[in-house]
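See below for the structure under consideration.
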Amino acid sequence: MAEPQLLEIRGLEKSFPGVRALQGVDFTVRRGEVHALMGENGAGKSTLIKALTGVYDRDGGDSRLDGQSIRPGSPREAEALGISTVYQEVNLIPHLSVAENICLGRQPSAFGFLKWGAIHRRAERALARLDLTLDVSRQLSSFSIAIQQMVALARALDVDAKLLILDEPTSSLDENEVAELFKVMRKLRTEGLGIVFVTHFLDQVYSVTDRITVLRNGKHVGEYATTELPRLELVARMIGKDVSEVEKMNHPPADAAAPPAAAAPFLEVANFGRKGSIYPLDLSVKPGEVVGLAGLLGSGRTEIARLIFGVDRADSGVLKIDGQTVTINNPRDALKQRIAFTAEDRKVDGIIPNLSIRENIVLALQASRGPWARIGRAEQNALADRFIKALGVKTPGPEQLIKNLSGGNQQKVLLGRWLATEPKLFILDEPTRGIDVGAKAEIEKLIASLRKQGLAILFISSELEEVVRDSQRVIILRDRRKVGELAAEQISEQAIMQMIAAPTGESQAVLHPSS
Amino acid sequence: MNVLSDLLFWAVFAGGLFALRQQRIFWPLLALALLLLFNNLFTPYFFNLEIRNGYLYGSRIDILNQGAKVMLVSLGMTLVIATGGVDLSVGAVMALAGAVAARLMVVDGHGFTTAFFGAIFVALLCGAWNGALVAYLGIQPIIATLILMVAGRGIAQLVSDGQIINFADPTMVFLGNGHLLGLPFTLTIVLALLAATWMLTRRTALGLFIEAVGDNPTASRYSGVNARLVTFLAYLFTGLCSGLAGLVAASNIKSADANHAGLYLELDAILAVVVGGTALTGGRFYLVGSLVGALLIQTLTTTMYARNVSADIAPMPKALVIIAVCLLQSEKARRYLSRFTRRPATPPALPSPAVAPSVIASPAQP
Numbered sequence: 001m002a003e004p005q006l007l008e009i010r011g012l013e014k015s016f017p018g019v020r021a022l023q024g025v026d027f028t029v030r031r032g033e034v035h036a037l038m039g040e041n042g043a044g045k046s047t048l049i050k051a052l053t054g055v056y057d058r059d060g061g062d063s064r065l066d067g068q069s070i071r072p073g074s075p076r077e078a079e080a081l082g083i084s085t086v087y088q089e090v091n092l093i094p095h096l097s098v099a100e101n102i103c104l105g106r107q108p109s110a111f112g113f114l115k116w117g118a119i120h121r122r123a124e125r126a127l128a129r130l131d132l133t134l135d136v137s138r139q140l141s142s143f144s145i146a147i148q149q150m151v152a153l154a155r156a157l158d159v160d161a162k163l164l165i166l167d168e169p170t171s172s173l174d175e176n177e178v179a180e181l182f183k184v185m186r187k188l189r190t191e192g193l194g195i196v197f198v199t200h201f202l203d204q205v206y207s208v209t210d211r212i213t214v215l216r217n218g219k220h221v222g223e224y225a226t227t228e229l230p231r232l233e234l235v236a237r238m239i240g241k242d243v244s245e246v247e248k249m250n251h252p253p254a255d256a257a258a259p260p261a262a263a264a265p266f267l268e269v270a271n272f273g274r275k276g277s278i279y280p281l282d283l284s285v286k287p288g289e290v291v292g293l294a295g296l297l298g299s300g301r302t303e304i305a306r307l308i309f310g311v312d313r314a315d316s317g318v319l320k321i322d323g324q325t326v327t328i329n330n331p332r333d334a335l336k337q338r339i340a341f342t343a344e345d346r347k348v349d350g351i352i353p354n355l356s357i358r359e360n361i362v363l364a365l366q367a368s369r370g371p372w373a374r375i376g377r378a379e380q381n382a383l384a385d386r387f388i389k390a391l392g393v394k395t396p397g398p399e400q401l402i403k404n405l406s407g408g409n410q411q412k413v414l415l416g417r418w419l420a421t422e423p424k425l426f427i428l429d430e431p432t433r434g435i436d437v438g439a440k441a442e443i444e445k446l447i448a449s450l451r452k453q454g455l456a457i458l459f460i461s462s463e464l465e466e467v468v469r470d471s472q473r474v475i476i477l478r479d480r481r482k483v484g485e486l487a488a489e490q491i492s493e494q495a496i497m498q499m500i501a502a503p504t505g506e507s508q509a510v511l512h513p514s515s
Numbered sequence: 516m517n518v519l520s521d522l523l524f525w526a527v528f529a530g531g532l533f534a535l536r537q538q539r540i541f542w543p544l545l546a547l548a549l550l551l552l553f554n555n556l557f558t559p560y561f562f563n564l565e566i567r568n569g570y571l572y573g574s575r576i577d578i579l580n581q582g583a584k585v586m587l588v589s590l591g592m593t594l595v596i597a598t599g600g601v602d603l604s605v606g607a608v609m610a611l612a613g614a615v616a617a618r619l620m621v622v623d624g625h626g627f628t629t630a631f632f633g634a635i636f637v638a639l640l641c642g643a644w645n646g647a648l649v650a651y652l653g654i655q656p657i658i659a660t661l662i663l664m665v666a667g668r669g670i671a672q673l674v675s676d677g678q679i680i681n682f683a684d685p686t687m688v689f690l691g692n693g694h695l696l697g698l699p700f701t702l703t704i705v706l707a708l709l710a711a712t713w714m715l716t717r718r719t720a721l722g723l724f725i726e727a728v729g730d731n732p733t734a735s736r737y738s739g740v741n742a743r744l745v746t747f748l749a750y751l752f753t754g755l756c757s758g759l760a761g762l763v764a765a766s767n768i769k770s771a772d773a774n775h776a777g778l779y780l781e782l783d784a785i786l787a788v789v790v791g792g793t794a795l796t797g798g799r800f801y802l803v804g805s806l807v808g809a810l811l812i813q814t815l816t817t818t819m820y821a822r823n824v825s826a827d828i829a830p831m832p833k834a835l836v837i838i839a840v841c842l843l844q845s846e847k848a849r850r851y852l853s854r855f856t857r858r859p860a861t862p863p864a865l866p867s868p869a870v871a872p873s874v875i876a877s878p879a880q881p
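If you read the protein sequences in the order shown, they are chains X and P. Quick note on numbering: the first sequence equals residues 1 to 515 in this note's numbering. Quick note on numbering: the second sequence equals residues 516 to 881 in this note's numbering.
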């Protein structure tokens, strides 16, 4: 029989209260390969990695490293077994020197005293393996993020790693730095290391990996050789569609025949962007129009919303409201321009958990009127009743604390909070995430009716079906760039997926709509 | 007469407790009732109430009068804590306000009005300083207010030239020693400030904003709330409260003592707020709860005096009562407690069969 695989996971199970995060997942990594672990948010990638590195204990299944059954109880134990991890955020101590960071926790010492010479030599050796020469006595924070990432990598390799896990290591690097990292990854591959590579960037998957494992909703979808899995197919696997099926259901968006949007856009941005967040792009939304933003997670969808709403400040481009150039420095400015925004993360950026539904509904309207012009209790009650009824919030009454509601009902209250301000542009970031099917349908219906009332809507969703169904125009993003725009009859899931999957360079020329 | 007035007192108190049994304030109020009941039964003269020269005298009146300073400060502290912060400088600001007033009157020869508004102005400046550091420079509240906590007394020393300044201005003396309608005038000040605080927070939207910012700052910002302004105003207002308390403290002893005025009062004020039901993590706040908390703390102190407990060990029983109140408020602790109180009903049913097999099994095993 052949030599055992480097890593072999069979039927891995892991549940959290209310969620089966991993359901019988298989995962195999060979020596000397870079293996991409792909899946949308919530697919189970991080749970798998955490189970592998000893952060979580598994509920069932088996994992073998070099044929030996392993069950690390902590990241330290996993490290001792030869499994090292480099995380998305540099996970080092900025005020210590490079050498200290590399050797921390395993410093060569004698009689309790540190052997500084040995520490520095060891750090230099570890860096040399990455073809890197640094002054290891310098403070880590004095180096660029890219170098810090390399130091983290050196630290991970310093423990005689057999298996290296890179969890989105490229998200804070620029293109040259990414190329540098890939060079190192290819070198390590030839040394016989198995590398697990987690990323949201498709281009990177195709430029550096040998094989791909796709997870979806905690289940193993399949394992493929990178060269044999076309991009379109990979995207289809990740979001759970069959390509042939997708090709067939190239249906026109609902309501395409609805009243035409007004001629002049309400919102118009040109060359609008922010370094490290989203490359400059153009975008406009007319009253009575839903513009969908499509792209994989991390493609820059939320970043655009945050820029327009003033949560982050743009460092290039102009923003026009009704043709007038305006500056939006914070959400208060956005509110003054009658822009509303429901954020992706309801719990963190949306609800005020310990306040009542009534208070949560009046908050934005009250903020726009300022602290001194209090909305009277009678008006508050009327507003709360109106939106509870109009949006179908299921609650015993308006004085219920919002934290006691289900996700879908919380979302409706938040929509009510913004509708109370009578917005002209509504930015909806994943308004249907994590809520049940019934509430989803109601929210989609609401979007359509708001549009007919003349609102401009910017709609962000990772569910392509929704984007196709609800939008009059769709803007496609990939790797923090706008890569295309589709209007009316051009909109289909397949067309969007092709743009998401197209390799960089080609897309701008080929897929930009001719209109 | 005394028995009758005691009975009337308890009838009113019990009625109040019953009416508020669903409210957050019930638990501190219950603790206060228990402590008073203990004194009523076991501490001689504690419940004596007499009228001398048309003024009411007695331990309960003392508690209202002596507790005024903590009550005044706790109103501002409630708002600061509701934003998720804390103000450690209140005691030092009190000392500074007293020193400024005394100096303006005695050294510089100004009248009461100038002294009063001068002191309040300086206290507001202190509040503005704290608020600016926390809200606009993003310094952690503990550190930001620690600056004035330490430096405030030094500034007060400079203002008073290191002296204890005695004054005799009748209006100034009236603030902390006068009477209105037979009751100490300090009570009027407390009630007036309570009314003002209530108007400021509940008749405007500031209260809603403070609670929103304290509960979820990010979501409040996303909703367009000017979180910085709200936080700033909370500290500014606490400056005003501390200034008033400082004037009362100076008036009580007819002098400004930069070293001792309001010493450790910040701790009592924080305690009063927490006992009153406002969480240190911010969010919902309870103004009247804080006043009850302040009264509870003052009742404890007065009880210690009345029972001749030495000042050195007095903090200990005080700490025990406060732990008890905090436990009463914690829903987790109450649930745990109720499991114990319900136990007498269950033991005969449950443990006996569970115990029996093991008793039988163990000798059989070898």
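We put the CB at the ideal spot given by N, CA and C, even for glycine.
Q: Check phenylalanine 197 of chain X in the structure and name its three-state DSSP category.
A: strand
Q. Three or more C-beta pairs closer than 8 Å, one from the region 674-685 of chain P and one from the region 767-774 of chain P: is that the case here?
A. yes
Q: Could you spell out the range, first to last residue, of the alpha helix (DSSP H) harbouring methionine 150 of chain X?
A: 145-157
**Q.** Residues that threonine 85 of chain X bridges to, as DSSP identifies them
**A.** X:Ile165
(Q) Please tell me whether lysine 424 of chain X and leucine 391 of chain X are closer than 8 Å, where the distance is taken between their beta carbons. (A) no
**Q.** Beta-bridge pairing of methionine 38 of chain X - partner residues as DSSP gives them
**A.** X:Val214
**Q.** CB-CB length for leucine 104 of chain X against isoleucine 145 of chain X, believed under 8 Å
**A.** So it is not a contact: roughly 19 Å between Cβ atoms.
Q: Measure from the C-beta of leucine 755 of chain P to each C-beta in chain X and report whether the shortest distance is under 8 Å.
A: no
Q. Where phenylalanine 459 of chain X and methionine 150 of chain X are concerned, what is the direct C-alpha to C-alpha distance, given to the nearest angstrom?
A. 38 Å
Q: Pick out whichever of P:Leu706, P:Gly624, P:Ala749 and P:Ala710 has its Cα sitting closest to the Cα of glutamate 726 of chain P.
A: P:Ala749
Q. Which stretch, first to last residue, makes up the beta strand (DSSP E) that contains valine 221 of chain X?
A. 219-225
Q) In whole angstroms, what is the alpha-carbon distance linking methionine 586 of chain P and isoleucine 540 of chain P? A) 15 Å
(Q) Does any residue of chain P have a CB that is nearer than 8 Å to the CB of arginine 10 of chain X? (A) no
Q.
I want to see whether chain P comes within less than 8 Å of proline 371 of chain X, judged by CB atoms only; does it?
A. yes
Q: Run down chain P in chain order and give the residues with a C-beta less than 7 Å from the C-beta of leucine 391 of chain X.
A: The contacting residues do not exist; leucine 391 of chain X stays about 17 Å from chain P at best.
Q) If contact means a Cβ-Cβ distance below 8 Å, which residues of the region 709-739 of chain P contact chain X? A) Arg718, Thr719, Ala720, Leu721, Leu723, Phe724, Glu726, Ala727, Asp730, Asn731, Thr733, Ala734, Ser735, Arg736, Tyr737, Ser738 and Gly739
(Q) At a CB distance below 8 Å, what residues from the region 311-341 of chain X approach chain B? Give them in sequence order. (A) Among the protein chains of the structure shown, namely X and P, there is no chain B.
**Q.** Contacts that glycine 798 of chain P makes with chain X (C-beta to C-beta distance below 9 Å)
**A.** Ile352, Pro353, Asn354 and Leu355
Q. For the region 759-787 of chain P, which residues have a beta carbon sitting closer than 9 Å to at least one beta carbon of chain X?
A. none
Q. Just curious, the alpha helix (DSSP H) that arginine 274 of chain X is in, first and last residue?
A. That residue, arginine 274 of chain X, is in no alpha helix (DSSP H); its beta strand (DSSP E) goes 267-274.
(Q) Please tell me whether asparagine 568 of chain P has its Cβ less than 8 Å away from any Cβ of chain X. (A) no
**Q.** Assigned secondary structure, alanine 340 of chain X (DSSP; H/G/I helix, E/B strand, else coil)
**A.** strand
(Q) What does the Cβ neighbour count give for glutamate 430 of chain X, buried or exposed, with the cut at 16 atoms within 10 Å? (A) buried
Q) Who are the neighbours of asparagine 741 of chain P on chain X, taking C-beta pairs under 7 Å? A) Arg332
**Q.** Enclosing beta strand (DSSP E) for isoleucine 102 of chain X [first to last residue]
**A.** No beta strand (DSSP E) holds isoleucine 102 of chain X; the alpha helix (DSSP H) holding it covers 98-103.
(Q) Short of 7 Å in beta carbon distance, which residues of its chain neighbour leucine 523 of chain P, apart from the five on each side in sequence? Order them along the chain. (A) none
(Q) Using a Cβ-Cβ cutoff of less than 7 Å, which residues in the same chain neighbour leucine 419 of chain X once the five nearest sequence positions on both sides are dropped? (A) Phe387
Q: Mind reading off the beta-carbon distance from arginine 736 of chain P to alanine 650 of chain P? Whole number of angstroms is fine, and I expect it under 8 Å.
A: In fact, because the Cβ distance is near 12 Å, the residues do not count as touching under 8 Å.
Q. So, do the region 809-824 of chain P and the region 545-558 of chain P have three or more beta carbon pairs nearer to each other than 8 Å?
A. yes
Q) How about glutamine 5 of chain X and glutamate 13 of chain X: do their beta carbons lie closer than 8 Å? A) no
Q. Taking buried to mean at least 16 other C-beta atoms within 10 Å of its own C-beta, is lysine 183 of chain X buried or exposed?
A. exposed
**Q.** Neighbourhood of alanine 597 of chain P by C-beta distance below 8 Å, restricted to the same chain and skipping five residues each side
**A.** Ile725, Glu726, Gly729, Ala749, Thr793, Gly797, Gly798, Arg799 and Phe800
Q) Are the CB atoms of phenylalanine 752 of chain P and leucine 594 of chain P nearer to each other than 8 Å? A) yes
Q | Alpha-carbon to alpha-carbon, serine 316 of chain X and alanine 152 of chain X | A | 33 Å
Q | histidine 625 of chain P - partner residues in DSSP beta bridges | A | BP columns for histidine 625 of chain P are empty, so no partner.
Q) Who does alanine 294 of chain X pair with in a DSSP beta bridge? A) X:Ile476
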